[in-house]
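In terms of the UniProt record's numbering, the sequence shown opens at residue 1 and continues consecutively.
Following: one structure in structure tokens, then a few remarks.
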Amino acid sequence: MRADARRNRERITAAALELFAERGPGVSMEELARAAGLGVGTLYRHFPDRRALVREIAAVTLEGLLQAARDAAARDVPRWDVLREMVVQAAGQPMGLLKSLLEDGDAEAPRLRELRDAYNAALAGIVRAAQEEGALRRDLAPDQVLELLSVVLCRPGARGDDAVVTVMLDGLRAGAAG
């Protein structure tokens, strides 16, 4: 791929990540092209349809989150801090878009499902370790914690510092149950 084409693709991807995270999946292709500073024809040359763009955004997002989870899990810090870091990072991503793409039976999404499963496994490991450290409630199974994270983080506009995320994290802390 030529350097200018690669830059254009990266601009489209960056604009889509930002707009989808901020406003959800309803952003038009014209708005995405405008946000990337490109014409809609350039966008369609890179992504022949909306679904192709969404798949690209999903893959980029999941690859980044998975790598961040692996990197954070390898650090020698309390697992609660790692979980909070992962929540804050995921909150700034278009998680609702990812969830809808993966749940709608997209035949071309096996790689995305593999990435999602690997990311969920990494998060479940962090949750278990935080429970073992005594920082995270033990009355919830790791899959229940992941389900709660999904509900909270898959909202358009979710941010790491918004009230819903803060309340969820406060409720997950050990001692919050009673």
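Even for Gly, the Cβ is constructed at its ideal location relative to N, Cα and C.
Going by DSSP in three states, residue i sits in which element: helix, strand or coil?
| i | result |
| --- | --- |
| Leu136 | strand |
| Arg155 | coil |
| Arg173 | strand |
| Ser150 | helix |
| Val77 | coil |
| Ala129 | helix |
| Pro142 | helix |
| Gln89 | helix |
| Gly96 | helix |
| Val167 | helix |
Between which two residues does the alpha helix (DSSP H) containing residue i stretch?
| i | result |
| --- | --- |
| Arg70 | Arg50 to Ala74 |
| Asp104 | Element bounds for Asp104: n/a, residue is neither H nor E. |
| Leu38 | First-last for Leu38: undefined, no H or E at that position. |
| Ala14 | Ala3 to Arg23 |
How many whole angstroms separate the CB atoms of residue i and residue j, which I take to be in contact at a CB cut-off of 8 angstroms?
| i | j | result |
| --- | --- | --- |
| Ala72 | Glu56 | No, Ala72 and Glu56 are not in contact; Cβ-Cβ is about 24 angstroms, not under 8 angstroms. |
| Ala15 | Gln93 | Ala15 to Gln93, Cβ: 14 angstroms. No contact. |
So which of the options has the shortest CA-CA distance to residue i?
| i | options | result |
| --- | --- | --- |
| Leu43 | Ala109, Asp161, Leu153 and Ile12 | Ile12 |
| Trp80 | Leu136, Gly157, Asp170 and Val165 | Leu136 |
| Thr166 | Leu115, Ala91 and Ala121 | Ala91 |
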